[in-house]
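A.B. asks:
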Ligand code: FAD
Ligand code: NAI
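Put into structure tokens, the structure is as follows:
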């Protein structure tokens, strides 16, 4: 048997890669992780999940003080924005968490090989001057921003998500291109801090992939908060003149063009897998037409001993999906059985209120049921009927549960509610355990909590909720 430098070598230290590395080391494998950034943690910890949530959290407080919510609670304050401090606390969160991964690597004896990795062959990776061999190699190189043809990101006037996290002043008018998760989260941050925000979305509704009712209601909620939407509209060009940008937009289906002036443009039209420079061909690998690396359900690629996880493979580009795949791939490499149920991966938009879902949308569930000669049942409960949401002056949103009409098995749960991201964990657990709407309706939920709305939506599937 060949003598390798490591049992497992992981390329990329995002939530997929670092979790895979720690798990592999815990399972007794000699593990190294290649990362070209200055710090570990990938997109998520450095320029994604964590810094965006730090700004969302801080701007929520600012907005609550500025928009009268706190005054309603009997707390009169006139907020003053200290943007450098807001950024400092963001960086503090990033530094603490990325440093935490470095600590966990040391603790678990994972070697960090600093530099860019490229395949020499299926068991050999070049990292700078070093050539490293491993019995198994995991590609966890993540994704980066999809560029908009003809629009050059300068991180000053035209920014991507990384630039939008670092603006040193509140723009007067920010135009967000793309009404997806990034556009809505980062658009919300700068709207709350005082910017006028216009969101240009190519499709006829924001948040593609989410349940139809949720998409409509979210649009209403954001409009109420002052975000303007231009739906079914495409951006055909952006020119920068001094410190202003001019966007040319036209109806997606074609029609007369118009211009919009902005002093900041956020390009957030999606992300694409990172495979450039990996020399995949040296390992005998190629990408699919979407630029992703295909794997089997064990996360092994078409080449034995080469595995792939996270944003670089098909599926939702989410940190928790990457983490779960990281655990599973390490277990599979170690000879155990690692599984990820891709049918039950929650999605959360961390706005105010939060928007969350798991499983099928009503549209997809209905289509699938019709194809199979079945039916679905839907139960909805408004947050305005939930005592805690009402007491906290947060009546926007609802919970919706979709179940199979015959078996009563829950097929999907969707929510707009202040803590929807936390609430959806209950739905994911229930669905993972094969719960019926009856199981949820007869589970005692603590009062007064927002989660009671999940129980009431389950009661609505079966007849009628109490508080409507
Ligand atoms: P990544 O985190 O992208 O990590 C890949 C790493 O590999 C990078 O550090 C990169 O430098 C490194 N790398 C790439 N190529 C090489 C190479 N050849 N050699 C060495 N190193 C290499 N998801 C959520 O679930 N919740 C959120 O709240 C959330 N918020 C987000 C906010 C923003 C602004 C953005 C941009 C993304 C957000 N995401 C969120 C998505 C989330 O960040 C990704 O799904 C997640 O980071 C994917 O993990 P990964 O391990 O596959 O890859
Ligand atoms: P996205 O795929 O969520 O949304 C992109 C939007 O841009 C879509 O609505 C699309 O129709 C629109 N669009 C595409 N081309 C356009 C054009 N030319 N003009 C106008 N609109 C156009 O992508 P986004 O927001 O960039 O996020 C990337 C990824 O990061 C997502 O897949 C998401 O999973 C992940 N992410 C997750 C977060 C979370 O879990 N809370 C937070 C932020 C990002």
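In full-length UniProt numbering, the protein residues as written are 1 to 468. Cβ coordinates follow ideal geometry from the N, Cα and C atoms, glycine included.
Check residue 336 in the structure and name its three-state DSSP category.
C.D. replies: In the structure shown, residue 336 sits in coil (DSSP, three-state: anything other than H, G, I, E or B).
A.B. asks: Return helix, strand or coil for residue 155, following the three-state DSSP convention.
C.D. replies: If DSSP states are grouped into helix, strand and coil, residue 155 belongs with coil.
A.B. asks: Per DSSP, residue 392 forms a beta bridge with which residues?
C.D. replies: Per DSSP, none; premise fails for residue 392.
A.B. asks: Sorry if obvious, but does the Cβ on residue 385 come closer than 7 Å to a heavy atom of the ligand FAD?
C.D. replies: Incorrect: residue 385 has no Cβ contact closer than 7 Å to the ligand FAD.
A.B. asks: For residue 173, name the three-state secondary structure that DSSP assigns.
C.D. replies: Three-state DSSP puts residue 173 in a strand.
A.B. asks: Tell me the DSSP bridge mates of residue 229?
C.D. replies: Answer by DSSP bridge pairing, in chain order: 199.
A.B. asks: With a threshold of 7 Å (Cβ to nearest heavy atom), would residue 177 be considered close to the ligand NAI?
C.D. replies: Answer for residue 177: yes, Cβ within range of the ligand NAI.
A.B. asks: So for residue 118, helix, strand or coil by DSSP?
C.D. replies: Strand, per DSSP.
A.B. asks: Taking the beta strand (DSSP E) that residue 33 belongs to, which residues open and close that run?
C.D. replies: From DSSP, the beta strand (DSSP E) with residue 33 extends over 31-35.
A.B. asks: Taking just the CA atoms, how far does residue 111 sit from residue 308?
C.D. replies: Cα to Cα, residue 308 sits roughly 19 Å from residue 111.
A.B. asks: Considering only the beta carbon of each residue, do residue 34 and residue 11 sit closer than 8 Å?
C.D. replies: Their beta carbons are under 8 Å apart, which means residue 34 touches residue 11 by this criterion.
A.B. asks: With three or more beta-carbon pairs closer than 8 Å as the criterion, would you say the segment 386-402 touches the segment 410-418?
C.D. replies: Short answer: they touch.
A.B. asks: Taking buried to mean at least 16 other C-beta atoms within 10 Å of its own C-beta, is residue 424 buried or exposed?
C.D. replies: Buried: at least 16 other Cβ atoms inside 10 Å.
A.B. asks: What is the DSSP secondary structure of residue 313, reduced to helix, strand or coil?
C.D. replies: The answer is coil: DSSP assigns residue 313 none of H, G, I, E or B.
A.B. asks: Assign residue 405 to one of three DSSP states: helix, strand, or coil.
C.D. replies: In the structure shown, residue 405 sits in coil (DSSP, three-state: anything other than H, G, I, E or B).
A.B. asks: What residues in its chain sit with their C-beta under 6 Å from that of residue 353, if we drop five residues either side in the sequence?
C.D. replies: Hits under 6 Å: 396, 397, 416, 417, 418.
A.B. asks: Give me whichever residues DSSP pairs with residue 131 in a beta bridge.
C.D. replies: 126.
A.B. asks: Tell me which residue opens and which closes the alpha helix (DSSP H) that residue 44 is part of.
C.D. replies: Unbroken alpha helix (DSSP H) run through residue 44: 42-47.
A.B. asks: Could you tell me if the beta carbon of residue 12 falls within a distance shorter than 7 Å of some heavy atom in the ligand FAD?
C.D. replies: Yes; taking the cut-off as 7 Å, the Cβ of residue 12 has a heavy atom of the ligand FAD nearer than that.
A.B. asks: With a CB to CB cut of under 6 Å and the five nearest residues on each side skipped, what residues in its chain are close to residue 295?
C.D. replies: Contacts found: 301, 308, 313.
A.B. asks: Exposed or buried, what is residue 406 when buried is set at 16 or more other beta-carbons lying within 10 Å of its beta-carbon?
C.D. replies: So residue 406 ends up on the exposed side.
A.B. asks: From residue 356 to residue 320, what does the alpha carbon distance come to, in whole angstroms?
C.D. replies: Roughly 14 Å separates the two Cα atoms.
A.B. asks: Leaving out five residues on either side along the sequence, give the residues of the same chain with a beta carbon under 6 Å from the beta carbon of residue 201.
C.D. replies: Only 179, 231 meet the Cβ criterion.
A.B. asks: Among the candidates 288, 361, 330, whose CA atom is the shortest distance from the CA of residue 345?
C.D. replies: Minimum Cα distance to residue 345 is reached at 361.
A.B. asks: Would you check if the distance between the CB atom of residue 95 and the CB atom of residue 22 is smaller than 8 Å?
C.D. replies: No, they are not a contact pair.
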